[in-house]
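Terminal number for the sequence shown in this note's numbering: 175, no gaps in between. Note that the Cβ used here is the ideal one computed from N, Cα and C, for glycine as well. Below is one structure, written out as structure tokens; the observations come after it.
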Amino acid sequence: MIEMELVGVRVELPGPAPIILLRENNERGLVLPIFIGNAEANAIDLYLRNDTPPRPMTHDLFATALKEMNASLTKVVVTEIADKTFYAEIHVETTEGTKTINSRPSDAIALAVRMSSPIYAEEEVLASAGHEIHEENNDSEEDVLSEFRDFLDDVSPEDFSS
14 MIEMELVGVR VELPGPAPII LLRENNERGL VLPIFIGNAE ANAIDLYLRN DTPPRPMTHD
74 LFATALKEMN ASLTKVVVTE IADKTFYAEI HVETTEGTKT INSRPSDAIA LAVRMSSPIY
134 AEEEVLASAG HEIHEENNDS EEDVLSEFRD FLDDVSPEDF SS
């Protein structure tokens, strides 16, 4: 299991859907792109921009419910990719022990950013769908995204199949 960081959410036209970009928190720095739905992209982007909607969104509601029940989100894990679909798990610590909940990666990540919880990906997922972005030391996020945009010009969801 490799710790990841959320680089951002991007919509690259004429792409088919928004993309979450996760990057390894290590020297290798593979980028894991995950196509997601518009609603989930909006939920993550709103939070990253510190933009508070007038009413709680679903992920805000779930985060509040966990806090009110004295539960904590210990981590989210992108566990596999099968038939071009990514899978994830949410790990919650409760008074009864750790509970693991099946989730879409977009929902798990939207919750993780709200609760400042770490995001991980299994090695097998990175081996299958991770992409190397050549970056110099101290490259800015925009430089990394610029190189990734170049990659996106030639990518389709089918490229992430096993």
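Nearest neighbour of residue i, chosen from the options [CA to CA]
i	options	result
Glu136	Glu18, Asn51, Thr71 and Glu37	Glu37
Glu109	Ile33, Asn83, Ala52 and Leu74	Asn83
Thr111	Pro31, Ile94 and Ser85	Ser85
Ile94	Ala30, Phe48 and Pro31	Phe48
Burial state of residue i (16 or more Cβ within 10 Å)
i	result
Asp120	buried
Met17	buried
Glu81	exposed
Val138	buried
C-alpha distance - residue i paired with residue j, whole-angstrom precision
i	j	result
Arg117	Leu43	21 Å
Pro46	Ile122	13 Å
Lys50	Arg62	According to the sequence displayed, residue 50 carries Gly and not Lys. Cα to Cα, the separation comes out at about 18 Å.
Ser175	Glu145	Low per-residue confidence applies at Ser175: pLDDT is 46, beneath 50, and the placement is therefore not dependable, though the value from the model is reported in the following sentence. Straight-line Cα distance between these residues: approximately 17 Å.
Ile57	Val22	7 Å
Gly143	Ala76	29 Å
Pro131	Leu124	10 Å
Tyr133	Met14	6 Å
Asp96	Ser141	12 Å
Asn115	Glu40	30 Å
Ile32	Ser129	20 Å
Thr71	Ala54	13 Å
8 Å Cβ cutoff met for residue i and residue j
i	j	result
His104	Thr113	yes
Glu106	Thr87	yes
Pro66	Leu59	yes
Ala101	Val90	yes
Asp73	Arg127	yes
Whole-angstrom C-beta distance between residue j and residue i, which should lie under 8 Å
i	j	result
Val24	Leu34	Contact doesn't hold; Cβ gap of about 12 Å is too wide.
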